[in-house]
Structures are given as C-alpha cells and as structure tokens.
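Colleague:
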Amino acid sequence: MSNIALSWGDFLAPLWLSVKIAGTASLLVFILGTGAAYWMRQYRFAGKTVVETLFMLPLVLPPTVIGFVLLIVFGRKSVIGRITEWLWQQPIVFTWGAGVLAAVVVAFPLVYQTAKSGFASVDPSLEEAARSMGGSEFQVLRWITLPLSSHFLMTGYILGFARALGEFGATIMIAGNIPHRTQTAPTAIYSAVDAGEYGYAWSWTAAVLLFSFALLWIANRQGRVD
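Under this note's numbering, think of the first position of the sequence shown as 791, with each following residue one higher.
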C-alpha cells in the first residue's frame, strides 16, 4: 500500500464490506440474541447459569482467542468445516462469511444482555392478564412483551451492528485481510498504519468514527424513556 494512490473504489471497498458484514451479522445476532434471552426468561432448567455464562463469555475473551477457536472449529480439517465446504462448495474461512461469523459471536453478548434487560422490564402481571383472557404464548409475546420492550430491543440491534462494524481481532484470524475480498475498515486501517500510510488510516478512521457516533446517538435516543 505504501506510496500507492488508492482509487475511490479501493478506498470505499473496505467500508462497504464492513457495512455488508455488520448488516448481515446484526440481523442474525438480533434473532439469536433476542430468541436466547426470551428462552432463558421463560424456562428454568439445570445448568441455566452455565449456559448463560457461555452466552456472555465472548464479552470477556480476547477477540484473537475467539478467532482462533472459530478457525479450529470451522477450518477445513474440522468436521464442521468439511460440512460447510460441502454445502457451499467452498471453505468458509477467508471469506466475507467468516467475517459475519466472527461478528455474530463477538456481538452476541451485547444483544443478549440488552434483550434480557428489556424482557425483565416488562411487568409480568400484564402478561398474566393477557393469558387469563385466553391469549396464547405467541399472542402475549406479539402484543405485550415485544412492544413493551421494543426500546431495549432496538438498542440491542444497534449495539450489535456497531460491535460488528468495529470487529477486528476475530475477523483477521478467521477471515484474513484480503483486499476487495475480506478486508474490512478496521483491517484496512491496520494495514495502512503498518505501511506508514497515515493519511489513508485517518480517512478510514474518520469514516468509521462518524458512522459509529451516529449509531450510538440513535441508540441513546432509543434508550430514553419519554
């Protein structure tokens, strides 16, 4: 990269890929995190604390550790890796899909914890009243639980998107840093700094900062109680 002028397309490529990965991962992690939070709220079972600890573990693990584990689990030598390669006719590692996988794992605890707080904020007596009037569990969820926790759920989605957008450590381990293929904005910034191209690094940094600020501003507004 050093001493090479980037075209507009080369500059936008990692930014677009970051948004593409974050958008896909945020939808997946929102479904998984919200579903897991609702399931954990509804049911009691042996080992529930252990399961919840596993859900929150990516929050405290170094991203490179997460990336290494994902690389072993989904690598071409693993059973899961061979199955995914057979299904998609290509290995998942060193593809943008691997970036989505890494982003989902690291963002899951944020979405899960936010959704859990949202469901906990719902008055159980309102749900019980709906059930006593003949409402099914799906109807209670659809008309009572989700609407009353919608601010939390929207905040969880935005935080998941923002976390996926900024993911670096796990992504570079399992997806790599291949320009126009798996190079995201964070890995592009790393490469630019490593090559001494601070102008490019600052430009990508400014773009990510502005976008992340906008996301957090929206999340804060969603979190307000009028």
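Heads up, the beta-carbon is just placed ideally off N, CA and C, and yes, glycines get one too.
#1: How many whole angstroms separate the CB atoms of Thr-972 and Gly-966, which I take to be in contact at a CB cut-off of 8 angstroms?
#2: Would you mind sorting Ile-821 into buried or exposed? The rule is 16 or more other CB atoms within 10 Å of its CB.
#3: Determine the contact status of Leu-955 and Val-809, defining contact as a CB-CB distance below 9 angstroms.
#4: At the level of alpha carbons, what is the spacing between Phe-801 and Arg-953?
#5: Count the other C-beta atoms from every protein chain shown that fall within 10 angstroms of the C-beta of Tyr-833, then say buried if there are 16 or more, exposed otherwise.
#6: Just to confirm, are Gly-887 and Trp-876 a CB contact at a threshold of 9 angstroms?
#7: Using the C-alpha atoms, what's the distance from Ser-1002 back to Glu-918?
#8: Extract the residue ranges of the alpha helix (DSSP H) inside the segment 821-866, only unbroken runs of 4 or more that lie entirely within it.
#9: I believe Ala-905 touches Phe-942 by the beta-carbon criterion, under 8 angstroms. Please report the beta-carbon distance rounded to the nearest angstrom.
#10: Report all residues from its chain with a CB closer than 8 angstroms to the CB of Tyr-988; omit the five preceding and five following residues, and keep chain order.
#11: Just the Cα atoms here: how many angstroms apart are Ala-836 and Gln-880?
#12: With a cut-off of 8 angstroms on the beta carbons, I'd call Phe-898 and Pro-976 a contact; round off their distance for me.
#13: I think Asp-901 touches Gly-959, with their Cβ atoms under 8 angstroms apart; what is that distance to the nearest whole Å?
#14: For Ile-1008 and Val-930, I'd like the C-alpha separation in whole angstroms.
#15: Quick check on the DSSP output: the alpha helix (DSSP H) that includes His-941 runs from which residue to which?
#16: Assign Ile-968 to one of two classes, buried (16 or more other C-beta atoms within 10 Å of its C-beta) or exposed (fewer than that).
#17: In three-state terms, what does DSSP make of Glu-987?
Modeller: A quick look at the data gives this:
#1: 5 angstroms
#2: exposed
#3: yes
#4: 22 angstroms
#5: exposed
#6: no
#7: 39 angstroms
#8: 838-846, 853-864
#9: 7 angstroms
#10: Ala-982
#11: 39 angstroms
#12: The pair is not a contact, with the Cβ atoms about 19 angstroms apart (cut-off 8 angstroms).
#13: Correcting the residue identity first, residue 901 is Val in this sequence and not Asp. Their Cβ separation, rounded to whole angstroms, is 19 angstroms, which puts Val-901 and Gly-959 out of contact at 8 angstroms.
#14: 28 angstroms
#15: 940-955
#16: exposed
#17: coil
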